[in-house]
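Visitor:
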Amino acid sequence: MRRLGASSAYTAVPTDLHSEGAEGAEGAEESPAESPAESPADDAPTDVSLDVKLSFRRLPKGTWVKLQPRSADFQGELATDNSVDLRELLEATLHRRCALTVGDDVSVRAHGDREYALRVVEVLPDDADGAVSLVETDVEVDIAPSEDYEDAMRRLAEAAAAARAERYRAAVSERLPVEPDADAAGGCVPCRFQLPDGRTVTRRFAPTDPLAAVFDYVISAGGAGEGEAFRLVTRWPRTVTELDDGARTVRAAGLKPADTLFVEKLEKTAA
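Under the UniProt record's numbering, the residue at position 142 of the sequence shown is numbered 142, and the numbers go up by one with no gaps.
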């Protein structure tokens, strides 16, 4: 640690002109500190010190990096352009840098003023918090699929999962028994369900309907997905209704019209 010091150029000399009279004033030697233009402010420090602490970390020489284009234009325009030596272009870009850190953006210029942004996603060796030196070292570069491509693949996967879930709910809905009228001769049990997403749905069941039909309805309403296990509970007093083997009827399960049944997911998934 090195201490840097600074001090004022002038030192003030106290002089009392009123007590010494005019002769004392004429005989007094003028000090630079007495000049209003040159005198420092009364409250200004006359001695200022500053401690400066410098630290550094030696980075390992990089051997491999993976770059991910922000846009699909990079691969669409450059990777298929025979007039562009992509390897030479990337080497020239990295030679202008002395270090790389995961998360950095690297700008690759091609075709005059056309720039492509690539993000550093991986480096080797990775023992310096994702940072490597590019000084006097040969670095192998891999190109990951662009963010645009990954976003498109993610959207396709989400759409496929949503379509599969919809088909599953439709298949479960087809095996539900017919909903009885409110004034059905054999009676009915109106049930209200609070789904995990906050929606409330209702449906009537015949007392002789299997309890499995109640669980199927919850699935068809979007309360649970394929392979998800759940149970139906009431808050106060707390009761728990589980599917078990599904042989019980709605009447045997003791479901009451005044109860709100909350769908409670279970950690263990169904086989």
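By construction, the Cβ of each residue, glycine as well, lies at the ideal position given by its N, Cα and C atoms. Quick caveat: nothing in here was measured; it's all calculated off a predicted structure.
Under a three-way DSSP split, which group does F230 fall into?
Guide: Position 230 of the sequence shown, counted from the start, is the residue given in the question as residue 230. Of the three classes helix, strand and coil, the one that applies to F230 here is strand, per DSSP.
Visitor: Going by beta-carbon coordinates alone, are L86 and S133 separated by less than 7 Å?
Guide: Along the sequence shown, read from residue 1 onward, the residue named residue 86 stands at position 86. Along the sequence shown, read from residue 1 onward, the residue named residue 133 stands at position 133. It is not a contact, given that the beta carbons lie outside the stated cut-off.
Visitor: If you follow the beta strand (DSSP E) that residue 278 is in, where does it begin and where does it stop?
Guide: Past the boundaries of the shown model lies residue 278; the chain is included only from 1 to 271, so the question cannot be answered.
Visitor: Measure the alpha-carbon distance for A160 versus E147 and round it to whole angstroms.
Guide: Translated into the one-based positions of the sequence shown, residue 160 becomes position 160. Translated into the one-based positions of the sequence shown, residue 147 becomes position 147. Approximately 20 Å, taken between the alpha carbons.
Visitor: In the DSSP assignment, the beta strand (DSSP E) including V123 goes from what residue to what residue?
Guide: Counted from its first residue, the sequence shown places residue 123 at position 123. 114-124 is the extent of the beta strand (DSSP E) around V123.
Visitor: With H, G and I counted as helix, E and B as strand and the rest as coil, what does DSSP make of L266?
Guide: Along the sequence shown, read from residue 1 onward, the residue named residue 266 stands at position 266. L266 falls in the coil class under three-state DSSP.
Visitor: Kindly list the residues whose CB is nearer than 6 Å to the CB of Q194, restricted to its own chain and excluding five residues on each side of it in sequence; keep chain order.
Guide: Counting from 1 along the sequence shown, the entry for residue 194 is found at position 194. Result list for Q194: T200, T260, F262, in chain order.
Visitor: Quick one: what does DSSP say S49 is sitting in, helix, strand or coil?
Guide: One-based indexing of the sequence shown puts residue 49 at position 49. S49: strand per DSSP, three-state reduction.
Visitor: Run through DSSP, which three-state label would L176 get?
Guide: Translated into the one-based positions of the sequence shown, residue 176 becomes position 176. Coil.
Visitor: Pull up the CB-CB distance for V214 and F205, whole angstroms please, since I reckon it's below 8 Å.
Guide: Counting from 1 along the sequence shown, the entry for residue 214 is found at position 214. Counting from 1 along the sequence shown, the entry for residue 205 is found at position 205. Yes, V214 and F205 are in contact; Cβ-Cβ is about 6 Å, under 8 Å.
Visitor: In or out: T208 buried (at least 16 other Cβ within 10 Å) or exposed?
Guide: Counting from one through the sequence shown, the residue named residue 208 turns up at place 208. That one is exposed.
Visitor: Taking all protein chains shown into account, decide if A162 is buried (16 or more other Cβ within 10 angstroms of its Cβ) or exposed.
Guide: By one-based count along the sequence shown, residue 162 stands at place 162. Exposed, since its Cβ has fewer than 16 Cβ neighbours within 10 Å.
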